[in-house]
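Asker: Numbering (this note's numbering), first residue to last: 10 to 221.
We put the CB at the ideal spot given by N, CA and C, even for glycine.
Source: prediction; values computed, not measured.
Handing you a structure now.
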């Protein structure tokens, strides 16, 4: 499947956390339906973007095996939240925009990028954030590289909150009715086990293009 990106945008997979609730395992490399979580995400994201970056702070060689550049957080910012990964990506991306996703969203819609971009155009703004039931999902966002200096200053001040930084940019909130599946948090072993147990149903949905 190929979905042309609406504009030149870099997809950023956020896999740089400690995953403490997952017993410290590298979440993106945990297996779901026979392959790593990050592989599912890459399959869904790659057709929607111009290029991909993976933000990771450990197991770098394993992440490089997926065929995309892997970037680490700057040393003072490692393991201090996803904004450090966003800033590192802004410094190397070759497109005007970043489209962020966490490494544990295997049901990413195939029109995720297009829906955020269309909302930006309608709202005439520069930042979009996905939401469900009026609740922001701040690691699902579209941001311009031009905000790099603003983000650097935000982090230098000691701030780390993704939602707080995004709110400064007055983003458009983009409602995703399929939010319960898209934004499911695979934070603990039991969450991953439940997704594994339901995967035969998920695979049927995917084959029927429900998420296409």
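Which whole-angstrom value describes the C-beta separation of residue 61 and residue 125, a residue pair presumed to lie in contact below a C-beta threshold of 8 Å?
Answerer: Numbered from its first residue, the chain shown carries residue 61 at position 52. Numbered from its first residue, the chain shown carries residue 125 at position 116. The Cβ separation is near 16 Å, so there is no contact.
Asker: Measure the alpha-carbon distance for residue 7 versus residue 48 and round it to whole angstroms.
Answerer: For the chain, the structure presents residues 10 to 221; residue 7 sits outside this window and is missing.
Asker: Between the segment 53 to 60 and the segment 79 to 98, do at least 3 Cβ pairs fall closer than 8 Å?
Answerer: The answer is no - the segment 79 to 98 does not touch the segment 53 to 60, with fewer than three Cβ pairs under 8 Å.
Asker: Look at the Cβ atom of residue 108, then the Cβ atom of residue 188, and state whether they are nearer than 7 Å.
Answerer: Within the chain shown, residue 108 is the residue found at index 99, counting from 1. Within the chain shown, residue 188 is the residue found at index 179, counting from 1. No, they are not a contact pair.
Asker: Alpha carbons only, please: which of 71, 174, 161 is nearest the one belonging to residue 85?
Answerer: Counting from one through the chain shown, the residue named residue 85 turns up at place 76. The option with the nearest alpha carbon to residue 85 is 161.
Asker: So is residue 105 buried or exposed if we call it buried at 16+ other beta carbons inside 10 Å?
Answerer: Here residue 105 refers to the residue found at position 96 of the chain shown. Under this definition residue 105 is an exposed residue.
Asker: Starting from residue 135 and walking both ways along the alpha helix (DSSP H), at which residues does that stretch end?
Answerer: In the chain shown, residue 135 corresponds to position 126, counting from 1. Careful: residue 135 lies outside any alpha helix (DSSP H) and carries neither H nor E.
Asker: Is the distance from the Cβ of residue 135 to the Cβ of residue 153 below 7 Å?
Answerer: Your numbering for residue 135 matches position 126 in the chain shown. Your numbering for residue 153 matches position 144 in the chain shown. Yes; because the gap between Cβ atoms is below 7 Å, this pair is in contact.
Asker: What is the rounded straight-line gap between the Cα of residue 57 and the Cα of residue 168?
Answerer: By one-based count along the chain shown, residue 57 stands at place 48. By one-based count along the chain shown, residue 168 stands at place 159. Their backbone Cα atoms lie some 31 Å apart in a straight line.
Asker: Along the alpha helix (DSSP H) that carries residue 163, what are the first and last residues, could you check?
Answerer: Residue 163 sits at position 154 when you count from the first residue of the chain shown. 157 to 165 is the span of the alpha helix (DSSP H), which, as asked, contains residue 163.
Asker: I'd like to confirm the pairing. Which residues does DSSP put opposite residue 140 in its beta bridges?
Answerer: Translated into positions along the chain shown, residue 140 becomes position 131. In the DSSP output, where bridge partners are listed per residue, residue 140 has 145, 184.
Asker: Going along the chain, which unbroken runs of the beta strand (DSSP E) with 3 or more residues stay wholly within the segment 88 to 137?
Answerer: Entirely contained in the segment 88 to 137, the beta strand (DSSP E) runs reaching 3 residues are, in chain order, 106 to 111.
Asker: Taking the straight line between their C-alpha atoms, what separation do you get for residue 158 and residue 96?
Answerer: Working through the chain shown from its first residue, we reach residue 158 at position 149. Working through the chain shown from its first residue, we reach residue 96 at position 87. So the alpha carbons of these two residues sit roughly 9 Å apart.
Asker: Looking only at C-alpha atoms, which of 150, 35, 171, 72 sits nearest to residue 222?
Answerer: Nothing about residue 222 can be read from this structure; the chain reaches only from 10 to 221.
Asker: For residue 66, is the classification buried or exposed, using 16 other Cβ atoms within 10 angstroms of its Cβ as the cut-off for buried?
Answerer: Counting from one through the chain shown, the residue named residue 66 turns up at place 57. Its Cβ being crowded by 16 or more others within 10 Å, residue 66 is buried.
Asker: Cα separation between residue 101 and residue 75?
Answerer: Here residue 101 corresponds to residue number 92 of the chain shown, with the count starting at 1. Here residue 75 corresponds to residue number 66 of the chain shown, with the count starting at 1. Cα to Cα, the separation comes out at about 18 Å.
Asker: Whole angstroms is fine: what's the gap from residue 24's alpha carbon to residue 110's?
Answerer: Walking along the chain shown from the start, residue 24 turns up at place 15. Walking along the chain shown from the start, residue 110 turns up at place 101. So the two alpha carbons sit approximately 9 Å from each other.
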